[in-house]
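Taken in order, these protein sequences are the chains called A and B.
So for the first sequence, the working numbering puts the first residue at 393; every next one is plus one.
So for the second sequence, the working numbering puts the first residue at 393; every next one is plus one.
Protein chains: 2
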Amino acid sequence: MSINTKEFYSDIAAKMNASAIREILKLVQNPEIISLAGGMPDPETFPVEEIKEIVQEILDKNSARALQYSGTEGLPELRECILDHLAKDNINGELDNIIISTGSQQGLDLVGKVFLSPGDIAIVELPSYLAALNAFRSYGGELVGIPMDDEGIKMDILEEKLSQLKSEGKRVKFIYTISNFQNPAGVTLSLSRRKKIIEIAHKFNVFIVEDNPYEKLRFEGESIPSIYSLEKNGSVISLGTFSKILCPGLRLAWILGNKEIIKKMVILKQATDLCTSILGQLIAQNYCQSGKLEKHIESNVEIYRRKRDAMLGALEKYFPSEATWTKPQGGFFVVATLPEYIDTEAMFKEAIEEKVAYVPGSPFFADGKGKNTMRLSFCYPSIEDIEEGIKRLGKVIKSKIKK
Amino acid sequence: MSINTKEFYSDIAAKMNASAIREILKLVQNPEIISLAGGMPDPETFPVEEIKEIVQEILDKNSARALQYSGTEGLPELRECILDHLAKDNINGELDNIIISTGSQQGLDLVGKVFLSPGDIAIVELPSYLAALNAFRSYGGELVGIPMDDEGIKMDILEEKLSQLKSEGKRVKFIYTISNFQNPAGVTLSLSRRKKIIEIAHKFNVFIVEDNPYEKLRFEGESIPSIYSLEKNGSVISLGTFSKILCPGLRLAWILGNKEIIKKMVILKQATDLCTSILGQLIAQNYCQSGKLEKHIESNVEIYRRKRDAMLGALEKYFPSEATWTKPQGGFFVVATLPEYIDTEAMFKEAIEEKVAYVPGSPFFADGKGKNTMRLSFCYPSIEDIEEGIKRLGKVIKSKIKK
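Below is the structure:
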């Protein structure tokens, strides 16, 4: 007699289900299909030779430490290194303001763990990063979405919503924003809105969680000071990562915040995975200190800019005039919006028949809308595949347009 | 005006505090102090040269994959490899019965996440592994402790307690046991009790979580079939790890269970850290397939056996007759019990003055008892340091003995 496993799930686990899309994408293994779905960096951007050399040196000189357990906070040398780099962006922190996380996904998990009791509210952008939404949901957080335009999250609606939630006696813990080249929308929060969101956060006494994986991948225009660097009361948490500037395989990222919350996160991380791989931390630290990171990022920016240009050019060429799309100044993603009568989830099967994949937009919307949107990634496929993929997709969409 | 961070903590985060001991141990940085406190493997046991070679080969041939994101379930090749090894211990599973975790601590975190809603009960051994207790507490789990003797957890008390909890309408989700060379006690659950615990788990309809990091580090005696291999209804979760047989720095472990619960864990892990480092997974897979793992484990066993012998010999020689201690057949730890009037937490300061450190036992006891016990680790220090450390500690204890 088998045990009835379902009866044993926690309330939260019972509610967490595999996304339909993730299940569909798993089935997309046909190499003839061009995938504009994944958010994986281009492996061309991985500094393989340098990493090889660094690993050898670490294992020659420092293996007893590199293969051992390490402190939950993360290596002091690596944290120093990151702080040195951030100082150039006017972020001034001390060692106790930073904790290393096992990828930014763990950062999001720790944000959920430290802030959210069941029923607490997290404000999120419409649309937003799916795995962040799921991390917050996995602590019973309720998500309230605020729409965006070309300058990011709309401040009037944000303020209105916070007023309303306050009058309803709801407990809002934080506003979650991906401030640069947002995933999925590709939108960047403008400087004036960064100042405004701080003002609003102070007025309503809530934290801001600024997720910033793509900041350094800016193709054009002036970089904008981070919310973290603009705010002075310690109410911003900032997440940064090596996944997009070095490689994701090390699972290496960091969290910045006031000392009290970082200390609490260390206690919570201790129970979550004890420590992040010290080997990975030493690789990143050595790479940072080699002085090659800045040049490396510049060459990555070149690669992704060309891909972004290829995608925007192809969209112009192959998508019907009824479609619109974001024009990101950096990052990995474009969101396209189709006429409201087209459901991109329903259309997915036809796209696969035409041998092209994307991510339907609805799961990125905390309010369940966005059914006529899709995320298109230019990070991983080649320029030829981007062009051909958008061509195929344009054909599918055009067949859906009502004349 | 600074934000009042404390007001923002989740109910659980507010309750999780740094252990006093962890804070004390951090201060113990004086190299003259011999530490019998840590649970770190001896770096002598790390196969550094082999790992160096393997990393080079991976980065030469497979870097685009090795440095990329990977599947949440873990590499199929590595899971196959682990299953092949486990088959020798009569564990027969398929790919969908196993998920790779970022160290066994993540396994414990996922166990908490999948099973425990606030107020749900986890049965634990008295004493038990502190970071497991904290992982379960971090989901609001209530811990009920059952005492052990030389054969492990006491079955009559376990059954009685389960009856009582049932009659009180309490929801018990699982029994957590470290079946071999327990941390901290060093005790091994006997075969007859393994059979009995399965019977009891079936009778009361609860899961068993078998944590098994030390199984392969047996110094003497016959190995005992795992609870997982003995049970047939799918109600056992088994945690295994590379930390003690290869090295902890890769943060690499696995969870075995019925397919339904593993599938749910994959969904939860997706929101926790997306995936475990594929570079680490490829290193472990290549090492496993090199056929060197078995020989390597044998030589590790030799190293730890000598250290265990040194510690047991020194305890005999230097501890007062009023003290007793466990005699582990494997693993990393001994627990010593002193007369009830000696509080090992209060004594810690004096031990530090004598330049020796240990872990006071009380935090390992879910019921807050065990104040006269201490955990002594023989895994990390040299044989000379074990002898000298126990000598120093014996002196401190003897000064406390009432005549």
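Even glycine gets a Cβ: it sits at the ideal position worked out from N, Cα and C.
None of these values were measured; they are calculated from a predicted model.
Proximity winner among the options, relative to residue i (alpha-carbon distances)
i, options, result
"B/LEU500", "B/GLU607, B/THR569, B/LEU685, B/ASN484", "B/THR569"
"A/ARG767", "A/VAL598, A/LYS661, A/LEU583, A/THR716", "A/THR716"
"A/GLU560", "A/ILE629, A/LYS587, A/GLY511", "A/GLY511"
"B/ILE689", "B/PRO468, B/LYS636, B/LYS741, B/VAL727", "B/LYS636"
"B/LEU648", "B/GLN721, B/VAL658, B/CYS639", "B/VAL658"
"B/ILE734", "B/TYR772, B/GLU686, B/LYS792", "B/LYS792"
"A/ILE538", "A/ARG529, A/GLY705, A/LEU631, A/ILE513", "A/ILE513"
"B/VAL601", "B/TRP646, B/GLY613, B/SER615, B/PHE611", "B/TRP646"
"A/GLY641", "B/GLU424, B/THR464, B/ASP434, B/SER394", "B/THR464"
"A/LEU554", "A/GLY544, A/GLU543, A/ILE491, A/ILE567", "A/ILE567"
"B/ASP434", "B/ILE450, B/GLY723, B/LEU666", "B/GLY723"
"A/PRO576", "A/VAL447, A/GLY544, A/VAL788", "A/GLY544"
"B/LYS398", "A/MET703, A/PHE599, A/LYS763", "A/PHE599"
"B/SER774", "B/SER496, B/ALA702, B/ALA749", "B/ALA702"
"A/GLY705", "A/LYS587, A/LYS684, A/GLU780, A/VAL693", "A/GLU780"
"B/GLU746", "B/SER427, B/TYR401, B/MET393, B/ASN409", "B/SER427"
"B/GLU552", "B/SER571, B/PHE528, B/ILE592", "B/ILE592"
"B/GLU534", "B/SER509, B/ASP542, B/LYS546", "B/SER509"
"A/GLU614", "A/SER582, A/ILE589, A/LYS595, A/LEU467", "A/SER582"
8 Å Cβ cutoff, residue i in contact with chain A
i, result
"B/PRO755", "no"
"B/CYS822", "The shown model of chain B, from 393 to 795, leaves out residue 822 of chain B, and the question about it has no answer."
"B/ARG767", "no"
"B/GLU776", "no"
"B/SER455", "yes"
"B/LYS595", "no"
"B/GLN498", "yes"
"B/VAL751", "no"
"B/ASP501", "yes"
"B/PHE435", "Checking the displayed sequence, the identity of residue 435 of chain B turns out to be Pro instead of Phe. Yes, its Cβ sits closer than 8 Å to a Cβ of chain A."
"B/CYS771", "no"
"B/SER530", "yes"
"B/ASN692", "no"
"B/GLN556", "no"
"B/VAL579", "no"
Residue i - DSSP class collapsed to helix/strand/coil
i, result
"A/SER496", "helix"
"B/SER791", "coil"
"A/ASP735", "coil"
"B/THR569", "strand"
"A/PRO640", "helix"
"A/ILE513", "strand"
Pairwise C-alpha distance: residue j and residue i
i, j, result
"A/ASN396", "B/GLU623", "15 Å"
"B/ASP548", "B/ALA758", "19 Å"
"A/GLY485", "A/LEU475", "7 Å"
"B/PHE507", "B/GLY532", "11 Å"
"A/ILE654", "B/LEU707", "41 Å"
"A/LEU644", "A/LYS687", "20 Å"
"A/THR437", "A/PRO617", "25 Å"
"B/LEU487", "A/GLU442", "35 Å"
"A/ASP665", "B/ALA738", "30 Å"
"A/ASN526", "B/SER584", "43 Å"
"B/PHE573", "A/GLY431", "44 Å"
"B/ILE492", "B/GLY578", "26 Å"
"A/ILE744", "A/LEU785", "9 Å"
"B/ARG700", "B/PHE770", "6 Å"
"A/LEU638", "B/ALA479", "38 Å"
"B/LYS418", "A/SER496", "27 Å"
"A/LYS587", "A/THR765", "29 Å"
"B/GLU732", "B/ILE425", "26 Å"
Contact with chain B by residue i, beta-carbon distance below 8 Å
i, result
"A/TYR620", "no"
"A/GLN677", "no"
"A/ALA514", "no"
"A/GLU652", "yes"
"A/ALA632", "Note that residue 632 of chain A corresponds to Gly in the displayed sequence, not to Ala. A/GLY632 does not count as touching chain B."
"A/ASN484", "no"
Cutoff 8 Å: residue i Cβ touching any chain E Cβ
i, result
"B/THR494", "Looking at the structure shown, chain E is missing, and the protein chains on hand are A and B."
Original post:
Is the region 748-763 of chain A touching the region 599-616 of chain A in the sense that three or more CB pairs, one from each, lie closer than 8 Å?
Top reply: no
**OP:** Specify whether the region 512-522 of chain A and the region 663-671 of chain A touch according to this definition: at least 3 beta carbon pairs, one from each stretch, less than 8 Å apart.
**Re:** no
Subject >> Stretch pair the region 707-724 of chain B + the region 675-687 of chain B: three plus CB contacts closer than 8 Å >> reply: no
Original post:
Is the region 775-790 of chain A touching the region 454-470 of chain A in the sense that three or more CB pairs, one from each, lie closer than 8 Å?
Top reply: no
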